[in-house]
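Enquirer: Residue numbers (the working numbering): 1 to 451. Just dropping this structure here.
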């Protein structure tokens, strides 16, 4: 089965159905999965979304809301529903999904929704709302299956069956003591295959991975990826079991973190919604462009300083823009690789050194290769071997600088507590632009004008 993509024919069908009665619209909606309806919602006006979500059964409507992106504002749809319909939908949602949606509302709006739902559900959602959304606590679902370590096989199986009645799926059974302190994990396979007189204490696996509730979501994703887990338990400082984070939540986190890094490296604030309007785009991008403008003036001042060189060797102006541009591209490549390495794990001093050394060697070799090409072009068009040598040295030098800065700047920023994805690109662009102009102009003034 292929992934669903919005098609004009799908939008036309939905919009045509919206012009008719509810019965016809319901027939059309039945042909789409909840996740597909969530994608279609991105292209529909608010009134249409409200009509559709109110028509859908509570179990389907809850899936649609949980699949909607944050930029589509599912919380607005939830808030504008009739209280009875809203309560049915919230109670159908997993606790972590309900918390994600409700957390986007004002405090009085959260209270309005939670006071109308089942008290146990409201209690669990309130408990999750106290955690930051980008931590393990903010990701976790408090719906878990747990058994006491003192139970025998029969008692444990009865407890698992009882608890699983309200859960759609589960991967792992958690073993706790009388104080709810996590003792280990238990697989379905091990308890089913165990002898009839076996006890949970004999079957529990005490070699397990867990996370504290305050751990950053990116670190949680790293652990799940490193140990190939489908779920990971979340505990408090006293090892009391709070909930679990599942791999489907981590997929969303990895997509979110990758998007943030791409936006930051491009000089775009993570606060800008991908589907936002032009005002939001201008507000988030303008400050970075103004900073970039200042660094561009710094590079331009180098050209002004070498006015006499440019006037005597006008052909150097064309070559230096090529050298500066190549440096910028090489630095972006080095930066992307380094930021990715940083995001995956904290680099030791030795790993950081090896990263910088590698990018230095890559810059040197790539610079020399491109420098030879520029040398050949200078010989062909200008028949000047000394000019070719100047361009070869300038190209090699700028790509070495690009590799060094692309690797070292984000590492330095990380060490001093600054997000390397945010500030690196502006700093590195300044280095490569300035070096791209300075090296050919300075070398030309020394070797060509005074030879």
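Ideal placement from N, C-alpha and C gives every residue a C-beta, glycine not left out. Every value quoted in this text rests on a predicted model; they were computed, and no experiment measured them.
Between residue 481 and residue 14, which are expected to be in contact by the criterion C-beta below 8 Å, what is the C-beta distance as a whole number of angstroms?
Expert: Residue numbering for the chain in the displayed model covers 1 to 451; residue 481 lies beyond these limits and cannot be assessed.
Enquirer: Compute the Euclidean distance between the alpha carbons of residue 386 and residue 294, then round it to the nearest angstrom.
Expert: Reading the chain shown from its first residue, position 386 is the one you call residue 386. Reading the chain shown from its first residue, position 294 is the one you call residue 294. The straight-line gap from Cα to Cα measures roughly 34 Å.
Enquirer: Which one of 121, 251 and 17 has the shortest CA to CA distance from residue 31?
Expert: Start at 1 with the first residue of the chain shown, and residue 31 comes out as number 31. Of 121, 251 and 17, the residue nearest in Cα terms is 17.
Enquirer: Rounded to the nearest angstrom, how far is the Cβ of residue 145 from that of residue 160, given a contact under 8 Å?
Expert: The residue labelled residue 145 in the question sits at position 145 within the chain shown. The residue labelled residue 160 in the question sits at position 160 within the chain shown. Sure, about 6 Å apart at Cβ, within 8 Å.
Enquirer: Look at residue 240 and residue 337 and say whether their C-beta atoms are less than 7 Å apart.
Expert: As a working note, residue 240 is residue 240 in the chain shown. As a working note, residue 337 is residue 337 in the chain shown. Contact flag unset, no.
Enquirer: Which residues bound the beta strand (DSSP E) around residue 69?
Expert: Taking the chain shown and counting its residues from 1, the one referred to as residue 69 is at position 69. Taken as a continuous stretch (DSSP letters only), residue 69 belongs to no beta strand (DSSP E), as it is neither H nor E.
Enquirer: Per DSSP, residue 199 is paired with what?
Expert: Sequence index remark: in the chain shown, residue 199 carries index 199 (1-based). Beta-bridge pairing links residue 199 to 152.
Enquirer: When burial is assigned at 16 or more other CB atoms within 10 Å of the CB, is residue 8 buried or exposed?
Expert: Within the chain shown, residue 8 is the residue found at index 8, counting from 1. It is exposed - the Cβ of residue 8 has fewer than 16 other Cβ atoms within 10 Å.
Enquirer: Run through DSSP, which three-state label would residue 328 get?
Expert: Counted from its first residue, the chain shown places residue 328 at position 328. Residue 328: helix per DSSP, three-state reduction.
Enquirer: Provide the residue span of the alpha helix (DSSP H) that contains residue 145, from first to last.
Expert: Walking along the chain shown from the start, residue 145 turns up at place 145. Going by DSSP, residue 145 is part of no alpha helix (DSSP H) at all; its letter is neither H nor E.
Enquirer: Between the beta-carbon of residue 35 and the beta-carbon of residue 95, is there less than 7 Å?
Expert: Translated into positions along the chain shown, residue 35 becomes position 35. Translated into positions along the chain shown, residue 95 becomes position 95. No, the pair does not count as a contact, with Cβ atoms beyond the cut-off.
Enquirer: Are three or more beta carbon pairs between the segment 210-218 and the segment 229-238 nearer than 8 Å?
Expert: yes
Enquirer: Measure the alpha-carbon distance for residue 117 versus residue 196 and round it to whole angstroms.
Expert: Residue 117 sits at position 117 when you count from the first residue of the chain shown. Residue 196 sits at position 196 when you count from the first residue of the chain shown. Cα to Cα, the separation comes out at about 41 Å.
Enquirer: Is residue 455 helix, strand or coil when you go by DSSP?
Expert: For the chain, the structure presents residues 1 to 451; residue 455 sits outside this window and is missing.
Enquirer: So, for residue 121: in the same chain, excluding its five sequence neighbours on each side, which residues have a beta-carbon less than 6 Å away from its beta-carbon?
Expert: Taking the first residue of the chain shown as position 1, residue 121 is located at position 121. Around residue 121: 91.
Enquirer: So, under 8 Å CB-CB, residue 413 and residue 424 are touching, yes? Tell me the CB distance rounded to an integer number of Å.
Expert: By one-based count along the chain shown, residue 413 stands at place 413. By one-based count along the chain shown, residue 424 stands at place 424. Going by Cβ atoms, the distance from residue 413 to residue 424 rounds to 6 Å, so yes, they are a contact pair.
Enquirer: List the endpoints of the continuous alpha helix (DSSP H) containing residue 355.
Expert: Counting from 1 along the chain shown, the entry for residue 355 is found at position 355. Note, residue 355: alpha helix (DSSP H), 349-382.
Enquirer: Return helix, strand or coil for residue 124, following the three-state DSSP convention.
Expert: Along the chain shown, one-based indexing puts residue 124 at 124. If DSSP states are grouped into helix, strand and coil, residue 124 belongs with the helices.
Enquirer: I want to see whether chain C comes within less than 7 Å of residue 126, judged by CB atoms only; does it?
Expert: This model lacks chain C altogether, as it is built from one protein chain only.
Enquirer: Between 201, 436 and 429, which has its C-alpha nearest residue 324's C-alpha?
Expert: On the chain shown, residue 324 is found 324 positions in, with the first residue counted as 1. Comparing Cα positions, the closest option is 436.
Enquirer: Which class does residue 2 belong to by DSSP, given the choice of helix, strand or coil?
Expert: As a position in the chain shown, residue 2 is number 2, starting the count at 1. Because residue 2 sits at a pLDDT of 49, beneath the cut-off of 50, its placement in the model cannot be relied upon, and the following sentence gives the value as read from the coordinates. Residue 2 falls in the coil class under three-state DSSP.
Enquirer: Start and end of the alpha helix (DSSP H) containing residue 37?
Expert: Here residue 37 corresponds to residue number 37 of the chain shown, with the count starting at 1. Per DSSP, residue 37 belongs to the alpha helix (DSSP H) from 34-41.
Enquirer: Can you grab the Cα-Cα spacing for the pair residue 47 / residue 230, in whole Å?
Expert: Reading the chain shown from its first residue, position 47 is the one you call residue 47. Reading the chain shown from its first residue, position 230 is the one you call residue 230. If I take the Cα positions, the gap works out to 38 Å.
Enquirer: Helix, strand or coil for residue 80 per DSSP?
Expert: As a first step, residue 80 must be located in the chain shown, where it is residue number 80. Here residue 80 sits in coil by DSSP.
Enquirer: In whole angstroms, what separates the C-alpha of residue 433 from that of residue 443?
Expert: The residue labelled residue 433 in the question sits at position 433 within the chain shown. The residue labelled residue 443 in the question sits at position 443 within the chain shown. Their backbone Cα atoms lie some 16 Å apart in a straight line.
Enquirer: Tell me whether residue 131 is buried or exposed, calling it buried when 16 or more other Cβ atoms sit within 10 Å of its Cβ.
Expert: Along the chain shown, read from residue 1 onward, the residue named residue 131 stands at position 131. With 16 or more Cβ atoms within 10 Å of its Cβ, residue 131 is classed as buried.
Enquirer: Please list, in chain order, all residues of the same chain as residue 430 whose beta carbon is under 8 Å from its beta carbon, the five residues on each side excluded.
Expert: Along the chain shown, one-based indexing puts residue 430 at 430. Leaving aside the five residues that flank residue 430 on each side, the residues in its chain whose CB is nearer than 8 Å to its CB run, in chain order, 295, 298 and 299.
Enquirer: Less than 7 Å between the C-beta atoms of residue 186 and residue 175, yes or no?
Expert: The residue given as residue 186 occupies position 186 in the chain shown. The residue given as residue 175 occupies position 175 in the chain shown. In contact: residue 186 and residue 175 (Cβ atoms closer than 7 Å).
Enquirer: Starting from the Cα of residue 407, find the closest Cα among 168, 358 and 43 and give me that residue.
Expert: Position 407 of the chain shown, counting from 1, holds the residue named residue 407. When each option's Cα is compared against that of residue 407, the closest is 358.
Enquirer: So, with DSSP's three-state summary, where would you put residue 134?
Expert: Here residue 134 corresponds to residue number 134 of the chain shown, with the count starting at 1. Looking at residue 134 - three-state DSSP - the assignment turns out to be coil, as it is neither helix nor strand.
Enquirer: Which first and last residues belong to the alpha helix (DSSP H) in which residue 95 is found?
Expert: Walking along the chain shown from the start, residue 95 turns up at place 95. That run of the alpha helix (DSSP H) goes 95-102.
Enquirer: When burial is assigned at 16 or more other CB atoms within 10 Å of the CB, is residue 97 buried or exposed?
Expert: Along the chain shown, read from residue 1 onward, the residue named residue 97 stands at position 97. So residue 97 ends up on the buried side.
Enquirer: Would you call residue 290 buried or exposed, if buried means 16 or more other Cβ atoms sit within 10 Å of its Cβ?
Expert: On the chain shown, position 290 is the one that residue 290 refers to. Answer is exposed; the Cβ neighbour count stays below 16.
Enquirer: Can you grab the Cα-Cα spacing for the pair residue 138 / residue 219, in whole Å?
Expert: Mapped onto the chain shown, residue 138 falls at position 138. Mapped onto the chain shown, residue 219 falls at position 219. Residue 138 and residue 219: Cα-Cα distance of roughly 13 Å.
Enquirer: I need the DSSP call for residue 248, collapsed to helix, strand or coil.
Expert: Along the chain shown, one-based indexing puts residue 248 at 248. In the structure shown, residue 248 sits in a helix (DSSP, three-state: H, G or I).
Enquirer: For residue 89, which residues in the same chain have their Cβ closer than 6 Å to its Cβ, ignoring the five residues on either side in sequence?
Expert: By 1-based counting over the chain shown, the position of residue 89 is 89. Same-chain partners within the cutoff: 58, 61 and 62.
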